[in-house]
Every structure is written in C-alpha cells, then in structure tokens.
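Novice: Got a structure for you, questions after.
Number of protein chains: 2
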Amino acid sequence: CSSCPPEQATPKPPPPDHRDLGTQQELFTTSFYSPGSAIFLPNGARIFNRLVDFLRKQYVRHGFQEVITPTIYKKALWAKSGHLENYAEDMYTVTSTSPSRAEVTEAGEEDEYGLKPMNCPGHCLIFASQLRSYRDLPIRYADFSPLHRNEISGALSGLTRVRRFHQDDGHIFCRPLQIEEEIRKTLEFIRLTYGVFRLGSYRLALSTRPERYMGDLEDWEQAENALKRALDASGQPWTINEGDGAFYGPKIDIVLKDSDGKEHQTATIQLDFQLPKRFNLEYMAPAPLLEKRGETTTDPELLAHYGPVAPVMIHRAVLGSVERLMALLIEHYNGKWPFWLNPRQAVIVTVNDTEPVVKWAQHTRNVLLGIDSDVDAPVSPTNFGAVDVDESTRPLSKKIMEAKAKGYGVIAVIGLRDVAAGTIMVDATSFAPADASEEEKKKLKGLKMTPEELLDFMKKKVTAYA
Amino acid sequence: CSSCPPEQATPKPPPPDHRDLGTQQELFTTSFYSPGSAIFLPNGARIFNRLVDFLRKQYVRHGFQEVITPTIYKKALWAKSGHLENYAEDMYTVTSTSPSRAEVTEAGEEDEYGLKPMNCPGHCLIFASQLRSYRDLPIRYADFSPLHRNEISGALSGLTRVRRFHQDDGHIFCRPLQIEEEIRKTLEFIRLTYGVFRLGSYRLALSTRPERYMGDLEDWEQAENALKRALDASGQPWTINEGDGAFYGPKIDIVLKDSDGKEHQTATIQLDFQLPKRFNLEYMAPAPLLEKRGETTTDPELLAHYGPVAPVMIHRAVLGSVERLMALLIEHYNGKWPFWLNPRQAVIVTVNDTEPVVKWAQHTRNVLLGIDSDVDAPVSPTNFGAVDVDESTRPLSKKIMEAKAKGYGVIAVIGLRDVAAGTIMVDATSFAPADASEEEKKKLKGLKMTPEELLDFMKKKVTAYA
Ligand SMILES: [Zn+2]
Ligand SMILES: [Zn+2]
Chain R
35 CSSCPPEQAT PKPPPPDHRD LGTQQELFTT SFYSPGSAIF LPNGARIFNR
85 LVDFLRKQYV RHGFQEVITP TIYKKALWAK SGHLENYAED MYTVTSTSPS
135 RAEVTEAGEE DEYGLKPMNC PGHCLIFASQ LRSYRDLPIR YADFSPLHRN
185 EISGALSGLT RVRRFHQDDG HIFCRPLQIE EEIRKTLEFI RLTYGVFRLG
235 SYRLALSTRP ERYMGDLEDW EQAENALKRA LDASGQPWTI NEGDGAFYGP
285 KIDIVLKDSD GKEHQTATIQ LDFQLPKRFN LEYMAPAPLL EKRGETTTDP
335 ELLAHYGPVA PVMIHRAVLG SVERLMALLI EHYNGKWPFW LNPRQAVIVT
385 VNDTEPVVKW AQHTRNVLLG IDSDVDAPVS PTNFGAVDVD ESTRPLSKKI
435 MEAKAKGYGV IAVIGLRDVA AGTIMVDATS FAPADASEEE KKKLKGLKMT
485 PEELLDFMKK KVTAYA
Chain B
35 CSSCPPEQAT PKPPPPDHRD LGTQQELFTT SFYSPGSAIF LPNGARIFNR
85 LVDFLRKQYV RHGFQEVITP TIYKKALWAK SGHLENYAED MYTVTSTSPS
135 RAEVTEAGEE DEYGLKPMNC PGHCLIFASQ LRSYRDLPIR YADFSPLHRN
185 EISGALSGLT RVRRFHQDDG HIFCRPLQIE EEIRKTLEFI RLTYGVFRLG
235 SYRLALSTRP ERYMGDLEDW EQAENALKRA LDASGQPWTI NEGDGAFYGP
285 KIDIVLKDSD GKEHQTATIQ LDFQLPKRFN LEYMAPAPLL EKRGETTTDP
335 ELLAHYGPVA PVMIHRAVLG SVERLMALLI EHYNGKWPFW LNPRQAVIVT
385 VNDTEPVVKW AQHTRNVLLG IDSDVDAPVS PTNFGAVDVD ESTRPLSKKI
435 MEAKAKGYGV IAVIGLRDVA AGTIMVDATS FAPADASEEE KKKLKGLKMT
485 PEELLDFMKK KVTAYA
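As given, the protein sequences belong to chains R and B, one line each in that order. Numbered by the UniProt record's numbering, the letters in the first sequence go through residues 35 to 500 in order. Numbered by the UniProt record's numbering, the letters in the second sequence go through residues 35 to 500 in order.
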C-alpha cells in the first residue's frame with residue numbers, strides 16, 4: 035500500500051558458479067596431484083552415471099552400439115590418423131619406465147604411446163576389423179571413454195577447463211546417401227535430450243567448406259546440401275558460418291544460451307571424408323561409382339557389379355563433454371535438481387531416536403531403495419534411488435532445515451504415531467512445478483503415505499525423467 | 035539294443051577357450067596398436083556393462099559409494115603411496131609432448147605423471163579431502179576406472195593377460211573395531227555374487243603376517259583374529275597360508291576351481307595398515323588410544339577426550355578384474371549365456387519379407403526393446419534388452435539354424451497368420467534348466483504369445499538374474 039516504504043531494488047544475485055555449488059553439494063573436487071582431472075565424489079558420480087544411463091537408454095532407439103576401447107595407442111596409430119601431425123601439442127605421451135618390458139619397434143626403438151584425446155581412430159579400427167557390406171550400414175558406435183587433452187595449466191578450472199573429460203562420443207559410418215537421414219535423426223536426438231534437461235532454446239550453426247579443404251568438391255556440395263535439408267527438416271532456426279568448416283568436412287554446432295545470455299557450444303555433428311580414407315575403410319556395394327555419389331539405380335547391369343566404397347564418417351556428441359554439460363546443468367538448476375538427477379533424492383528424518391522409530395525409518399529406507407528383500411537374494415536391477423536416514427538426536431526442526439539446505443527432493447518425517455499407523459509424513463514441495471500456486475505446493479507438503487506409496491511416487495518421477 | 039553297434043567312446047572335446055569364443059560371438063578383439071588392451075565389441079560391451087550394473091545395484095545394499103577418479107597422477111603421488119619405490123617397473127609414465135604446456139615442479143623440472151595401476155591412492159585423497167568423525171565410518175568407495183600395468187608383451191593373451199583392465203575396485207575405510215563386520219559382509223557379498231554366476235565352489239585362503247612386516251605386532255594379531263572370526267562365521271571352508279601376507283597387512287584370497295580343475299584367483303580382501311599412514315589419514319574419535327586397539331569404554335572421563343586415529347583400509351574386489359572374470363564366464367558358460375547376460379537375448383525371424391510380416395516383426399522388436407512409445411518421448415529408464423530382427427529373404431530353416439548357432443536366448447518366428455492373430459511363435463528352449471526333461475523342453479518350444487507377454491517373460495528372467 036502507499037503508506038509502506040517502497041520496496042528496495044534488491045541487487046541481482048551473482049550468477050551461480052558450478053565450482054561453488056560443486057563444493058557445497060559435494061559433487062566433485064580436484065587435487066594438486068592431477069590438475070585438470072575432476073574427482074567426482076559420490077554425489078557427482080551419481081549425476082554422471084545417470085546422464086550416461088539416460089543416453090544408453092536412448093541409444094537403443096537410435097541404433098547406437100556401445101564399445102569399450104583402449105586408453106593408449108602406439109604413436110603409429112596417431113601418425114596414421116593425422117593427430118601426430120596436427121594435434122601433437124595437445125597430446126600426452128605414454129612410455130614404459132621399464133625398458134625390458136617396452137614394446138620395441140622394427141627399428142629397435144622403444145615404442146611410445148599416445149594417451150587418447152579422441153575415440154575416432156579406435157572406432158575406425160573396429161570398423162576395419164570386419165568385411166562390411168552396404169547392408170550393414172549405417173554402423174553407429176558409442177563410447178564413454180575418458181579422454182585427455184593437454185590444456186595449459188593456467189586455463190584449468192572446475193568442470194569447464196579440464197585435461198581429462200568424457201564425451202558421449204559417437205561415430206556413424208554410413209553410405210553417402212544416408213547422410214541426410216543420419217543428420218536428421220541426430221538433430222532429433224539432440225532436441226529430445228535438451229528438452230528433457232529443460233535447458234531452453236539453442237541455435238544451430240552450419241559451418242561450410244573452407245578455402246583450404248581436402249577431398250572432392252562434389253562430395254562437399256552433396257554433403258552440404260544434405261545437411262541443409264536436414265536442418266530445414268528439423269524445424270529449428272539455423273544459421274550459416276560460411277567457410278568455417280574443418281578441412282575434412284562440414285559441421286553443425288549446437289549453441290545454447292544460458293540465463294545470463296552467455297553462449298555455450300555443446301553438441302556437435304562433424305562430417306568427415308578424410309579419416310575413412312586414412313584408415314582405408316570401405317564397404318562393398320553394387321554400382322560403386324553411383325554409390326559414392328549418393329545415387330541409386332535400377333539398371334541390372336550396373337547393379338551386378340560390386341565394388342568397395344569409402345563410408346562417410348560422422349563424429350557426433352549430444353551432450354558434448356559430460357563434464358562441461360554437468361557444469362551447465364549445475365548452474366542452470368542452481369542446486370535445485372530435477373528429481374531423477376538429484377543426488378539426494380530422499381531423506382527420512384526421525385522425530386526421536388527411540389527404537390521403534392529408528393526401525394521404521396530403516397525399514398522405510400530399505401523399501402525406497404528396493405533392498406527390503408531377503409539378503410540372500412541379489413538386489414534387483416529395477417531398484418533405483420538415493421535415500422538417506424537422519425536418525426540423529428538433534429531437534430527435528432534443525433534436521434528438516436538441514437535437509438532442505440542440502441536439497442533433498444523428498445523429506446519424510448517419522449514419529450511414534452507413524453510407526454503405529456504404518457505410514458510416513460512426506461514433504462514433496464520440491465516436486466511442485468516452478469509456477470505452482472501456494473495451494474498446489476501445500477498439497478505436496480503433508481502427504482501421509484505408506485513407504486510403498488512413496489516408492490511408487492518416486493519411481494514415477496524417475497521413469498519420466500522429471 | 036544289443037544288435038546296435040556299441041557307442042563309440044567320443045574323445046573329450048578340448049576345454050573351451052575364451053579367445054575363440056570371444057571371436058566367434060564377436061565379444062572382443064585386439065589391435066597391434068594397443069597390445070594388451072582388449073577392444074570390447076558391442077556384444078562384449080553389453081556383458082561388461084551388465085556386470086558393472088549388477089555390482090552397482092548390490093552396492094546400494096552394501097553401502098558402497100561410487101566415485102570417478104583421475105587416470106593420471108603426478109609422480110609425487112606415487113612417491114607418497116610407495117608405488118614409485120615398489121612398483122615402478124609395472125607402471126607407465128605420462129609426459130607432455132609440449133614443453134610449454136607441461137606442469138613444472140618447484141625445482142623447475144617438467145612434471146611427470148604415472149598412468150594409474152590402482153585406485154587406492156586416489157581414494158585416499160578423497161578420504162583426506164574432508165574432516166572425518168568416527169560416526170562417518172565405515173566409508174566405502176567403489177570405482178570402475180580403467181587401470182594399466184605394464185605386463186611383458188610376450189605374456190599378453192585375450193582377457194586374462196592384459197595391460198589395461200578394470201577392477202570392480204572398492205576401498206573400505208573403517209575403525210579397527212569394524213574390521214570383523216566389514217570382512218564378514220564382504221564375504222557375504224562374494225558368496226551372493228558367485229552364486230548368481232553359478233560359478234561353483236571356491237575356497238578361501240587367509241595369508242598371515244610375513245617375517246618382514248610393517249606396523250605394530252598388536253595391530254596384526256588383532257586384525258588376523260578378526261579375519262579368522264569372519265571366516266568362521268562365513269560357514270565356508272578356509273585354509274591358512276602362514277606368513278604369506280603382504281608386508282602391510284593380512285589378506286583373504288578367493289580361489290575358484292573350474293570344470294577342468296584349474297584354479298583361478300578372483301576376489302581378494304586385503305587389509306592395509308600402511309597406506310592410511312603414508313597419506314596421514316585420520317578420523318576423530320573419543321578415547322583414541324582404546325579406539326586404535328579396537329576397544330570401547332563407558333568411562334566418561336576417557337570418552338570426553340577426542341583425538342585423531344588412523345583408519346584401517348581394506349582393499350577389496352568381488353569380481354577381481356572384470357576382464358579376467360569375463361574370460362572365466364565365457365569359458366564356464368561355453369557360449370551358452372544365462373539370459374540376463376546374453377548379448378543376444380532375442381531374435382525375431384520372419385517367415386517371409388512381405389510388408390505386414392516385416393511390420394509386425396518391427397513392432398514386436400519395438401515392444402521388446404521398450405521403444406514402442408512416442409518418438410517424442412525419451413526411452414524410459416526401465417527398458418532393457420538386446421533384440422534383433424532377421425527379415426532377410428533366406429529360407430526360414432536356415433535363418434533359425436543361424437539364430438541357434440549365434441546363441442540367441444529367444445527365437446520368435448513371425449508369419450502372416452501371426453500378424454492376423456497378433457501373436458508370435460516363441461522358442462525359448464534355452465530357458466530350460468540343464469537337467470530339464472524332453473517334456474519340459476518341449477513346453478518351451480512352441481509358445482504362442484503376444485509381444486507384451488514375451489516382454490514380461492523376458493523381464494522376469496532379467497530381474498531374477500537368470
Ligand atoms: Zn570423433
Ligand atoms: Zn587398493
């Protein structure tokens with residue numbers, strides 16, 4: 035009202051910093067002994083694993099097959115892939131400290147290894163390990179290996195400037211005529227994923243053939259046209275960075291804008307005509323000359339002739355670096371995780387530490403964790419969740435305040451009356467949507483439930499990635 | 035009957051070799067570019083990930099918290115841990131190829147890293163990163179990081195003699211008086227796990243204090259007694275290897291005997307009094323002198339005094355090396371995987387390639403994979419399974435024969451009549467127990483089911499780790 039003093043313009047709080055939140059929520063730490071390599075604490079590892087699991091589930095629909103590949107490869111591989119020529123500054127060298135155990139080259143020198151900065155050469159080796167037919171394509175490999183790149187030490191910071199990181203890496207080996215469809219599907223995958231994270235809008239940027247490029251002009255034009263058609267089909271706005279592509283192929287970048295207007299490049303889709311050639315990758319196809327141009331024919335004479343064709347390789351990452359995306363998510367949610375990602379999903383707070391109350395609290399915890407079965411039976415693969423019990427003797431109000439500060443999604447209180455009734459008193463206000471009314475929030479506050487009902491309630495959230 | 039020729043004594047087939055089966059079932063391969071580092075192909079990666087997932091589920095009950103730790107640490111860490119002194123021959127050195135980007139020591143030299151052969155020092159860093167109270171213990175960290183040990187190249191073979199491997203590694207930091215309980219629980223965990231794999235019996239061997247040992251005699255005796263009590267409580271036979279322990283603590287080995295009578299050392303439980311001291315690990319406890327001896331008191335005067343105590347560290351792995359255990363399982367099952375581990379769980383074979391049949395086959399596949407929902411919705415975390423479709427035009431009998439040879443757990447046939455009836459014809463004879471009668475097997479052969487019924491049937495198997 036007019037007699038009240040005018041509201042003070044509260045100063046805008048500083049934007050959230052994932053390093054502070056990471057410490058506060060015990061997500062990760064770093065060590066002097068391994069600068070640039072994040073150490074994920076249990077809470078951070080939970081989020082990390084859930085992100086990876088989310089992708090693994092989606093891979094079933096998108097036809098990606100996970101592989102597990104070596105961490106070190108001989109320098110000869112990095113010479114073949116071109117990394118030694120173009121990327122040596124960023125790579126670590128691995129040697130044996132014991133000459134007697136070192137691999138020795140033909141020239142009699144000790145063999146050196148490169149610590150992998152990328153998975154692509156390894157995936158090329160897998161592609162080349164079998165004879166491939168056009169019927170086998172597209173082949174899509176996924177890999178969550180740790181990667182190392184030697185960033186200068188001054189630049190290292192939190193989860194964004196690191197030396198060790200994980201990509202949700204994928205490589206698609208496809209026929210030239212499959213490029214458009216693969217790009218279209220990848221853009222769909224990206225849209226779905228960023229929708230689940232509620233990360234807001236992003237823009238797509240196509241980088242086209244640079245002045246210095248390798249390969250056939252025809253291949254480039256055909257590929258760029260396929261990319262443009264796929265971008266158009268995505269229904270999302272996109273722009274062109276003319277001449278900004280890599281020398282080995284055009285690419286699409288996904289650029290997110292955060293709440294402060296800062297832009298973050300996350301996902302990428304990079305076409306590559308060169309690496310398959312460096313590794314002599316090929317598949318057998320009818321009418322190979324047409325096949326190479328992405329064309330088909332019904333001419334039986336042409337179809338009768340089979341020949342080798344180099345596949346097109348598409349490097350793609352949906353999250354980009356898992357570490358960097360985690361940093362983005364930490365800042366985006368500002369400590370308020372959606373339930374499925376929350377490293378602290380539920381806490382059971384006891385009113386006192388009498389035996390029946392503590393026992394009921396522990397029983398509830400076991401039900402929520404799916405470990406209430408016979409100890410002689412293994413824990414079922416359908417179990418999930420991160421549930422704690424606070425049975426300390428501190429005052430209830432203090433325990434609840436602490437649980438809220440720690441960001442638990444569900445706070446369940448247990449007193450002597452609950453034991454008799456076989457229930458728990460649940461506060462799930464954190465489940466309310468951001469725009470919920472006070473009325474709606476109140477409904478989520480004093481829910482009387484059985485442990486099994488709460489489990490169901492929680493499972494629904496997790497199953498919906500909510 | 036007596037007029038038939040006597041049955042020929044068939045020569046005993048050679049014992050299964052995991053390298054041959056690994057190639058045949060497309061589980062893994064190796065490359066000249068990374069000797070001793072297995073490359074897990076999609077089928078092998080499925081098994082690998084299911085083993086890891088199995089453990090992750092059990093960790094909830096056993097109170098292990100997963101962490102994700104660096105791959106390389108500065109040499110200073112390996113000096114601190116004692117590895118540089120005792121283990122340098124087995125380790126790889128990591129250096130920067132770009133002097134300008136190398137970390138520099140205080141003395142102005144370039145910093146060198148060690149590629150980790152073990153996770154223990156990393157876990158000590160995590161323990162030391164916070165102040166710990168006796169109330170926080172036991173703290174149990176789990177880690178599935180890749181590890182590297184420089185085995186001589188002549189010894190490398192398949193998944194058993196490798197340079198890169200993964201342990202289902204765990205470290206327990208506990209109070210001296212918790213040793214017995216932790217060992218008891220670990221033995222229980224091991225028993226449950228080997229029961230699930232049906233790997234047969236194993237023996238437990240306790241290795242006691244060697245002549246040259248470090249630490250207090252009293253600590254050793256107290257710990258060995260705790261181990262013996264836990265071994266007795268396990269109800270399993272155990273033996274003693276007198277004086278065979280490491281200089282830093284006694285240990286328990288789990289030795290499996292395979293069908294050929296060959297023994298395999300898999301799980302280990304290693305007590306360690308030294309590493310916590312090297313890392314100055316401590317927790318605060320009342321009556322620290324008694325605490326150190328694993329004793330308690332009710333004397334309020336003693337309890338009033340708090341002081342630091344070094345935790346006991348227990349290194350333990352249930353599978354041991356995941357690679358080595360996979361090799362064992364491959365040979366043990368001889369290609370006939372239990373359904374939950376089978377990389378080829380189900381195949382849908384079409385009678386012909388007419389449109390309605392192919393469509394129904396693809397619908398069935400989508401139901402079994404849990405991807406029959408709206409493409410705009412993410413694939414649910416409860417989905418599972420590895421399902422293929424063979425819609426080629428080859429003769430049905432040939433397709434079925436091939437599916438059997440490939441080891442599919444479920445073979446579902448679809449013809450035009452099935453489309454109309456909304457069913458599939460399922461052969462699940464591989465689900466029959468080894469000692470099933472012909473009658474029982476026959477029952478599993480011609481099952482007419484809806485896709486949803488088959489999904490249920492499969493889910494039950496996976497949920498029971500059967
Ligand atoms: Zn790549
Ligand atoms: Zn260890």
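Ideal placement from N, C-alpha and C gives every residue a C-beta, glycine not left out.
Taking DSSP as the reference, what is the three-state secondary structure of Ile-448 (chain B)?
Specialist: The sequence position of residue 448 (chain B) within the second sequence is 414, counting from 1. Strand, per DSSP.
Novice: Let me know the secondary structure DSSP gives Glu-486 (chain R) once reduced to three states.
Specialist: Stepping through the first sequence from its first residue, residue 486 (chain R) is reached at position 452. Glu-486 (chain R) falls in the helix class under three-state DSSP.
Novice: What residue from R:His-96, R:Arg-95, R:Tyr-147, R:Pro-180 has the CA that sits closest to Leu-118 (chain R)'s CA?
Specialist: Residue 118 (chain R) sits at position 84 when you count from the first residue of the first sequence. Closest option to Leu-118 (chain R), Cα to Cα, is R:Tyr-147.
Novice: Under the criterion of a Cβ to heavy atom distance below 7 Å, does Asn-153 (chain B) qualify as lining ligand 2?
Specialist: Counted from its first residue, the second sequence places residue 153 (chain B) at position 119. Within the cutoff, so yes.
Novice: Unbroken beta strand (DSSP E) runs of length 3 or more, entirely within the stretch 403-451 of chain B: which are they?
Specialist: List check, beta strand (DSSP E) in window: 421-424, 444-448.
Novice: What residue does the alpha helix (DSSP H) around Arg-312 (chain B) start on, and which one ends it?
Specialist: Taking the second sequence and counting its residues from 1, the one referred to as residue 312 (chain B) is at position 278. Per DSSP, Arg-312 (chain B) belongs to the alpha helix (DSSP H) from 309-312.
Novice: For Val-413 (chain R), which residues in the same chain have their Cβ closer than 6 Å to its Cβ, ignoring the five residues on either side in sequence?
Specialist: The residue given as residue 413 (chain R) occupies position 379 in the first sequence. For Val-413 (chain R), where only same-chain residues beyond five positions count, the Cβ hits under 6 Å are Ile-405.
Novice: State buried or exposed for Met-492 (chain R), treating a residue as buried only when at least 16 other CB atoms are found within 10 Å of its CB.
Specialist: In the first sequence, the residue the question calls residue 492 (chain R) occupies position 458. Buried, by the Cβ-count rule.
Novice: Counting C-beta neighbours from all protein chains within 10 Å, is the total for residue 18 (chain B) 16 or more, i.e. buried, or is it exposed?
Specialist: No answer is possible for residue 18 (chain B): it lies beyond the span of chain B, which begins at 35 and ends at 500.
Novice: Here's the rule I'm using: 16 or more other beta-carbon atoms within 10 Å means buried, otherwise exposed. How should Asp-306 (chain B) be labelled?
Specialist: If you number the second sequence from 1, residue 306 (chain B) lands on position 272. Buried is the call here.
Novice: Hey, quick one: how far does the alpha helix (DSSP H) through Arg-350 (chain R) stretch, first residue to last?
Specialist: Here residue 350 (chain R) refers to the residue found at position 316 of the first sequence. That residue, Arg-350 (chain R), is in no alpha helix (DSSP H); its beta strand (DSSP E) goes 346-355.
Novice: Using a Cβ-Cβ cutoff of 7 Å, what residues of the stretch 280-312 of chain B are near chain R? List them in chain order.
Specialist: Residues passing the 7 Å Cβ filter: none.
Novice: Between the alpha carbons of Tyr-107 (chain B) and Thr-127 (chain B), how many angstroms are there, rounded?
Specialist: Counting from 1 along the second sequence, the entry for residue 107 (chain B) is found at position 73. Counting from 1 along the second sequence, the entry for residue 127 (chain B) is found at position 93. Approximately 10 Å, taken between the alpha carbons.
Novice: Measure from the C-beta of Gln-59 (chain R) to each C-beta in chain B and report whether the shortest distance is under 8 Å.
Specialist: Position 25 of the first sequence holds residue 59 (chain R). Not closer than 8 Å to any Cβ of chain B, the Cβ of Gln-59 (chain R) fails to qualify, so no.
Novice: Under three-state DSSP, which class holds Arg-243 (chain R)?
Specialist: If you number the first sequence from 1, residue 243 (chain R) lands on position 209. Residue state, collapsed to three classes: coil.
Novice: Going by DSSP, name the residue or residues bridged to Glu-297 (chain R).
Specialist: Taking the first residue of the first sequence as position 1, residue 297 (chain R) is located at position 263. The partner list for Glu-297 (chain R) (beta bridge, DSSP) reads R:Lys-291.
Novice: Does ligand 1 have even one heavy atom less than 7 Å from the beta-carbon of His-205 (chain R)?
Specialist: In the first sequence, counting from the first residue as 1, residue 205 (chain R) sits at position 171. Correct: His-205 (chain R) has its Cβ closer than 7 Å to ligand 1.
Novice: Going by Cα to Cα distance, which pick from B:Thr-103, B:Arg-80, B:Thr-64, B:Arg-428 is closest to Ser-65 (chain R)?
Specialist: Residue mapping note: residue 65 (chain R) aligns to position 31 of the first sequence, counting from 1. For the residues B:Thr-103, B:Arg-80, B:Thr-64, B:Arg-428, the minimum Cα distance to Ser-65 (chain R) belongs to B:Thr-103.
Novice: Let's see if you can read the secondary structure: which residues bound the alpha helix (DSSP H) around Trp-272 (chain R)?
Specialist: By 1-based counting over the first sequence, the position of residue 272 (chain R) is 238. Segment 272-275 is the beta strand (DSSP E) holding Trp-272 (chain R); no alpha helix (DSSP H) there.
Novice: Helix or strand or just coil, what does DSSP make of Arg-195 (chain R)?
Specialist: Walking along the first sequence from the start, residue 195 (chain R) turns up at place 161. Three-state DSSP puts Arg-195 (chain R) in a strand.
Novice: Could you pull the start and end residues of the beta strand (DSSP E) that Ser-268 (chain B) belongs to?
Specialist: Within the second sequence, residue 268 (chain B) is the residue found at index 234, counting from 1. No beta strand (DSSP E) holds Ser-268 (chain B); the alpha helix (DSSP H) holding it covers 251-268.
Novice: Does the pairing of the stretch 154-174 of chain R with the stretch 307-317 of chain R give three or more beta-carbon distances under 8 Å?
Specialist: Contact between the stretch 154-174 of chain R and the stretch 307-317 of chain R is present, because at least three Cβ pairs lie under 8 Å.
Novice: Whose C-beta lies closer than 8 Å to the C-beta of Val-230 (chain B) among residues of the same chain, with five residues either side of it excluded?
Specialist: Sequence index remark: in the second sequence, residue 230 (chain B) carries index 196 (1-based). Phe-88, Tyr-499.
Novice: Are the Cβ atoms of Met-483 (chain R) and Ile-458 (chain R) separated by less than 8 Å?
Specialist: Translated into positions along the first sequence, residue 483 (chain R) becomes position 449. Translated into positions along the first sequence, residue 458 (chain R) becomes position 424. In contact: Met-483 (chain R) and Ile-458 (chain R) (Cβ atoms closer than 8 Å).
Novice: Could you check whether the Cβ of His-349 (chain R) sits closer than 7 Å to any heavy atom belonging to ligand 1?
Specialist: In the first sequence, residue 349 (chain R) corresponds to position 315, counting from 1. Indeed, a heavy atom of ligand 1 lies less than 7 Å from the Cβ.
Novice: What does Gln-99 (chain B) touch in chain R if you count any residue whose Cβ is under 7 Å from its own?
Specialist: Position 65 of the second sequence holds residue 99 (chain B). Residues of chain R passing the Cβ test: Pro-76.
Novice: Check the Cβ-Cβ distances between Pro-412 (chain B) and every residue of chain R, and say whether any is below 8 Å.
Specialist: Mapped onto the second sequence, residue 412 (chain B) falls at position 378. Chain R, which has a Cβ nearer than 8 Å to the Cβ of Pro-412 (chain B), makes this yes.
Novice: Which residue comes first and which comes last in the alpha helix (DSSP H) that contains Ala-176 (chain B)?
Specialist: To locate residue 176 (chain B), count along the second sequence from 1; it is residue 142. Looking at the DSSP string, Ala-176 (chain B) is not in any alpha helix (DSSP H); the run it does join, the beta strand (DSSP E), is 173-177.
Novice: For Phe-465 (chain R) and Leu-478 (chain R), what's the separation of their Cα atoms in angstroms?
Specialist: Counting from 1 along the first sequence, the entry for residue 465 (chain R) is found at position 431. Counting from 1 along the first sequence, the entry for residue 478 (chain R) is found at position 444. The straight-line gap from Cα to Cα measures roughly 8 Å.
Novice: Under the rule that 16 or more other beta-carbon atoms within 10 Å means buried, what is Glu-252 (chain R), buried or exposed?
Specialist: The residue given as residue 252 (chain R) occupies position 218 in the first sequence. The residue is exposed, with fewer than 16 neighbouring Cβ atoms inside 10 Å.
Novice: Quick one: which residues of the stretch 212-236 of chain B get their C-beta closer than 7 Å to a C-beta of chain R? List them in chain order.
Specialist: Taking 7 Å as the Cβ-Cβ cut-off against chain R, the residues of the stretch 212-236 of chain B that qualify are Leu-226, Val-230.
Novice: Would you say Pro-345 (chain B) lies against chain R (beta-carbon separation less than 8 Å)?
Specialist: Indexing the second sequence from 1 puts residue 345 (chain B) at position 311. Output row for Pro-345 (chain B): interface = no.
Novice: Determine the DSSP secondary structure at Met-459 (chain B), reduced to helix, strand or coil.
Specialist: Working through the second sequence from its first residue, we reach residue 459 (chain B) at position 425. DSSP places Met-459 (chain B) in strand when its eight states are reduced to three.
Novice: By the 10 Å Cβ neighbour count, where 16 or more other Cβ atoms means buried, how is Leu-165 (chain B) classified, buried or exposed?
Specialist: Residue 165 (chain B) sits at position 131 when you count from the first residue of the second sequence. Burial call: exposed.
Novice: What are the boundary residues of the alpha helix (DSSP H) that includes Ala-319 (chain B)?
Specialist: For the purposes of this step, residue 319 (chain B) is taken as the residue at position 285 of the second sequence. Here Ala-319 (chain B) belongs to no alpha helix (DSSP H); instead the beta strand (DSSP E) covers 317-320.
Novice: For the putative contact between Arg-399 (chain R) and Tyr-442 (chain R), defined by C-beta atoms under 8 Å, what is the C-beta separation to the nearest angstrom?
Specialist: Locating residue 399 (chain R) in the first sequence gives position 365, where the first residue counts as 1. Locating residue 442 (chain R) in the first sequence gives position 408, where the first residue counts as 1. Arg-399 (chain R) to Tyr-442 (chain R), Cβ: 13 Å. No contact.
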